[in-house]
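Asks:
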Amino acid sequence: GPDSEMFYIADVPDCGPDCGPGCDCGKYTELGNDVFMQYEKHKDGHLTPLAQKNVDTGWGLERILAFLNGTKDVYRTDLFAPVIAYIEKSTGLKYGEDEEKTRSMRIMADHIRTSVMLIGDAARLTPSNAGAGYVLRRLIRRAVRHARLLELTKENLVDIAAIYIQNIYEESYPMLKKNRLFILKELRNEIIRFESALENGMKEMEKIISRKQSDGETVIDGKTAFYLYDTFGFPLELTLEIAQEKGFTVDEDGFGKAMEEQKKKARANQNFAADLTNDLSVYDDLDREIKSEFTGYDSLVEKGTILAISDGSALVDSLGLGKEGTVITARTPFYATMGGQKGDTGRIVTGDGEFEVIEAVKLPGDRIGHVGIVRSGEIRVSDEASFEVDKDNRKSTCMNHSATHLLQKALRTVLGESVEQQGSYQDSQRTRFDFSYGQAMTAKQLHEAEEIVNRKISEAMSVDTQVMSIEEAKKTGAMALFGEKYGEEVRVVNMGDWSIELCGGTHVKNTAEIKYFKILSESGVAAGVRRIEAVTGDNVIEYYRDVEETLNEAAKAAKTTPQELMSHIEKMQRELKELKSENESLKSKAAKEALGNVMDNVKDINGVKLLTATPAGVDMNGLRELSDELKVKLGEGVVVLLSETDGKVNVVVAATDGAVKKGAHAGNIIREAAGCVGGGGGGRPNMAQAGGKDASGIPAALAKAEEVLSAQVS
623 GPDSEMFYIA DVPDCGPDCG PGCDCGKYTE LGNDVFMQYE KHKDGHLTPL AQKNVDTGWG
683 LERILAFLNG TKDVYRTDLF APVIAYIEKS TGLKYGEDEE KTRSMRIMAD HIRTSVMLIG
743 DAARLTPSNA GAGYVLRRLI RRAVRHARLL ELTKENLVDI AAIYIQNIYE ESYPMLKKNR
803 LFILKELRNE IIRFESALEN GMKEMEKIIS RKQSDGETVI DGKTAFYLYD TFGFPLELTL
863 EIAQEKGFTV DEDGFGKAME EQKKKARANQ NFAADLTNDL SVYDDLDREI KSEFTGYDSL
923 VEKGTILAIS DGSALVDSLG LGKEGTVITA RTPFYATMGG QKGDTGRIVT GDGEFEVIEA
983 VKLPGDRIGH VGIVRSGEIR VSDEASFEVD KDNRKSTCMN HSATHLLQKA LRTVLGESVE
1043 QQGSYQDSQR TRFDFSYGQA MTAKQLHEAE EIVNRKISEA MSVDTQVMSI EEAKKTGAMA
1103 LFGEKYGEEV RVVNMGDWSI ELCGGTHVKN TAEIKYFKIL SESGVAAGVR RIEAVTGDNV
1163 IEYYRDVEET LNEAAKAAKT TPQELMSHIE KMQRELKELK SENESLKSKA AKEALGNVMD
1223 NVKDINGVKL LTATPAGVDM NGLRELSDEL KVKLGEGVVV LLSETDGKVN VVVAATDGAV
1283 KKGAHAGNII REAAGCVGGG GGGRPNMAQA GGKDASGIPA ALAKAEEVLS AQVS
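The opening position of the sequence shown corresponds to residue 623 in my numbering, with each subsequent residue numbered one higher.
1. According to DSSP, Ser-1084 sits in a beta bridge with which residue or residues?
2. Identify which residue in Leu-937, Met-739, Asn-1219, Glu-882 has its Cα closest to the Cα of Asp-907.
3. For a test of the three-state rule: what should DSSP assign to Glu-911, helix, strand or coil?
4. One question on the structure: do Ser-914 and Arg-989 come within less than 9 Å of each other, judged by their Cβ atoms?
5. Exposed or buried, Gly-962, counting other C-beta atoms within 10 Å across all chains shown (16 or more means buried)?
6. List the DSSP bridge partners of His-992.
7. Take Glu-924 and list the residues in its own chain whose beta-carbon comes closer than 7 Å to its own, dropping the five residues that flank it on each side.
8. Does the distance from the CB of Ile-782 to the CB of Tyr-708 come in under 9 Å?
9. Ordered along the chain, which non-local residues of its own chain (more than five positions away) have a Cβ less than 8 Å from that of Asn-691?
10. Can you round the beta-carbon distance between Ala-930 and Ala-958 to whole angstroms, since I take them to be within the 8 Å contact cut?
11. Confirm, please, whether the CB-CB distance from Glu-1266 to Asn-1243 is below 9 Å.
12. Within the continuous beta strand (DSSP E) that includes Phe-689, where are the two ends?
13. Can you give me the C-alpha to C-alpha distance between Phe-1055 and Asp-678, rounded to a whole angstrom?
14. Thinking C-beta only, is Val-1299 closer than 9 Å to Ile-1320?
15. Between the Cα of Lys-1137 and the Cα atoms of Phe-658, Leu-1028, His-664, which residue gives the shortest distance?
16. Is it buried or exposed for Gly-680, if we count other Cβ within 10 angstroms and need 16 for buried?
17. Give the list of continuous alpha helix (DSSP H) stretches no shorter than 4 residues that lie fully inside the region 820-893.
18. Can you check the region 1038-1122 for any alpha helix (DSSP H) of at least 4 residues that lies completely inside it and give the ranges in chain order?
19. Ordered along the chain, which non-local residues of its own chain (more than five positions away) have a Cβ less than 6 Å from that of Ala-895?
20. If you draw a straight line from the C-alpha of Asn-893 to the C-alpha of Lys-1097, how long is it?
21. Give the C-beta separation of Pro-1307 and Ala-1333 to the nearest angstrom, bearing in mind that I take them to be a contact with Cβ-Cβ under 8 Å.
22. What whole-angstrom Cβ distance do Leu-798 and Gly-742 have, given they're in contact under 8 Å?
23. Round the Cβ separation of Ala-1100 and Thr-853 to the nearest angstrom and send it over; I've been treating them as touching at under 8 Å.
24. Give the C-beta separation of Val-738 and Ile-813 to the nearest angstrom, bearing in mind that I take them to be a contact with Cβ-Cβ under 8 Å.
25. For Pro-1184, which residues in the same chain have their Cβ closer than 7 Å to its Cβ, ignoring the five residues on either side in sequence?
26. Where does Gly-1305 land, buried or exposed, given buried means 16+ other C-beta within 10 angstroms?
27. Who does Ser-1340 pair with in a DSSP beta bridge?
28. Whole angstroms is fine: what's the gap from Val-1254's alpha carbon to Gly-755's?
29. If I measure Cβ to Cβ from Leu-1245 and keep anything under 7 Å in the same chain, skipping five residues before and after, which residues do I get?
30. On the three-state DSSP scale, how would you describe Leu-922?
31. Is the CB of Asn-1076 under 9 Å away from at least one CB in chain B?
32. Check whether the Cβ atoms of Ser-1337 and Leu-653 lie closer than 9 Å to each other.
33. Under a Cβ-count criterion, where at least 16 other Cβ atoms within 10 Å of its own Cβ denotes burial, should Ser-836 be classed as buried or exposed?
34. According to DSSP, what are the bridge partners of Asp-678?
35. Less than 6 Å between C-beta atoms, sequence neighbours within five positions excluded: which residues of the same chain meet that for Val-1162?
36. Would you tell me roughly how many angstroms separate the C-alpha atoms of Met-628 and Asn-655, rounded to the nearest one?
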């Protein structure tokens, strides 16, 4: 139906003869609207009158408050005024005097308010890396970044939250006061988690920006953006914001692809069950009395009877040569995949056939399934069989699992007792351990942890297991996995007096059996969660062989020896730096020559001088240097430079302080002008840069820059 808007009309003169509600001069402010609902619109588009007509009213409550408070700025209303006043007092700044600083004040005030509401709600949302929790995390982290821009600390942000809880919303939302301690604790913890990562991340961001500027680039690729997210916890929005301030764009599609690649890897790593056990309903008709007892702690061979066979879609009586399926028996030495440890491999031998076990898995009803393929003959239900675990595969898996226990204790020694296991995976090739820690480990910390593990291996500590009640286990101080459900009885694994954990997996008898331990990588898998991948035993020797081979190949390619490779690389880096410096000097000289008598191009735009030029073949770095020199020559005004080089268009806009005070904004000028050359970009009021790919649009870009500047300083 039709609609009608309600406006507040300011007591100021009309901006012109056509001044009205559709004008953006500021005289008219929409407070709300009414929609007179009188028709139902059907899928084919035709309308029928409603039996019950009504009016749908939408009011902007904060706009109404602004109107009642006599201001057009929501942040000057009663909802935000105490917070803005606190920020002004803490920083010595004045709200509204500086555009960028005022923006930071608004972001802090808005994001902390929203965070307080989300955490303090009945659902008690907390920062996480998924769903609404990730929205909350992004809000807090953006607020932290803008607090740092104003030289405020985490305590200032917590104080702002307290103002909302105790002063502004105390009566309207009493639940906030009730949850005050919880809100402030969660907020402070998230800020602490991000602060150190932010500092390191900003340093890394500056390096990336500087390097790309030197190369004349204006785009942060998706892999780099994902690296900032993965390593420093930078949400994509934060990277986009910082990049825009520096005149850069971000490859968001590339970021999405990098994120999806990591998700695929994570899914692959978690694929512990074989495809043949996907349909668990196959076992619904199996006799409930058929269960499996694991006997593999003490023996790797067990004689028994095949009680059931599945081909993946149904229970069958037999499997022939080359057929895949799952075998169940009453007593088995095969450890089933669980607790992060991959199941055993091996074989099942009957009088008429042999079945290769590719993986043992847990099945409903306390059963263990032996998933694999018939390699010879045929196997049948009721066959007597020998169930034989591959001892080499089991031994390697045990080495990796026991090493993981040593690693967890080493990490708690190096990083602190707050480290907690978040997940793990062990098979015969490697171990993977996820743990809580707020930032990337340093090379020194990794070396310390690795050295501790190897020292404990060399100490040849006895590995003992005991079965006891959960209460007894707690008294021993055994570490348990947070969130894991344990039965009345648990297995406790002791490694000397160094490590004691609750664990149902299989282990070596003595740490000396592990031989060696080597960390291959350390990375982030989620905010506040790190991952270490490592190898043990002969796989460590194989790793060093691969490293040696790579080193020899690199030395051969560089025409030197492995011993001299490092000094050779350093020499090449020095030579490259000198060549780059020489190249930059030549480019700068060529750019100045290409400008000619550029001061002839100066125009007066409503009292602001505008200098435009299009030197050929100048990269982004060269254009920035030219803009600095031309600003000096110009005195006060705006410089717009465009240059075609290597099939691309580089754009730089620079404005002096005097021009900015008169309304000029380089970032907004370039945002409009760059579109004419098929590009995009942005930046600060006094400096902005962009890239494009359509040189034919250079004249239009110059005209657009003049048009935008004219509107800014009119």
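Note that the Cβ used here is the ideal one computed from N, Cα and C, for glycine as well.
Replies: In terms of the structure at hand:
1. Asn-1132
2. Leu-937
3. coil
4. yes
5. buried
6. Val-949, Ala-982
7. Thr-917, Arg-953, Thr-954, Pro-955, Phe-1009
8. yes
9. Arg-698, Thr-699, Asp-700
10. Wrong, their Cβ atoms sit about 15 Å apart, outside the cutoff.
11. no
12. Taken as a continuous stretch (DSSP letters only), Phe-689 belongs to no beta strand (DSSP E), being part of the alpha helix (DSSP H) at 683-690.
13. 56 Å
14. yes
15. Leu-1028
16. exposed
17. 844-854, 858-867, 874-891
18. 1065-1080, 1092-1098
19. Note that Ala-895 has pLDDT 41, beneath the 50 cutoff, so the model's placement of it is unreliable and the number below is only indicative. Excluding sequence neighbours, Ala-895 sits near Val-983.
20. Per-residue confidence for Asn-893 stands at a pLDDT of 46, beneath the threshold of 50, marking its modelled position as unreliable; no derived number is given.
21. About 15 Å; that fails the 8 Å criterion.
22. 4 Å
23. With a Cβ gap of about 33 Å, Ala-1100 and Thr-853 do not count as contacting.
24. That belief does not hold up - the Cβ atoms of Val-738 and Ile-813 are roughly 13 Å apart, past 8 Å.
25. Leu-1173, Asn-1174, Ala-1177
26. buried
27. Here the chain covers residues 623 to 1336 and nothing more, so residue 1340 does not appear.
28. 50 Å
29. Leu-1263, Ser-1265, Asn-1272, Val-1274
30. coil
31. Among the protein chains of the structure shown there is no chain B, as only one such chain exists.
32. The chain is shown from 623 up to 1336; residue 1337 falls before or after that span and cannot be answered.
33. exposed
34. Val-657
35. Tyr-1138, Lys-1140
36. 6 Å
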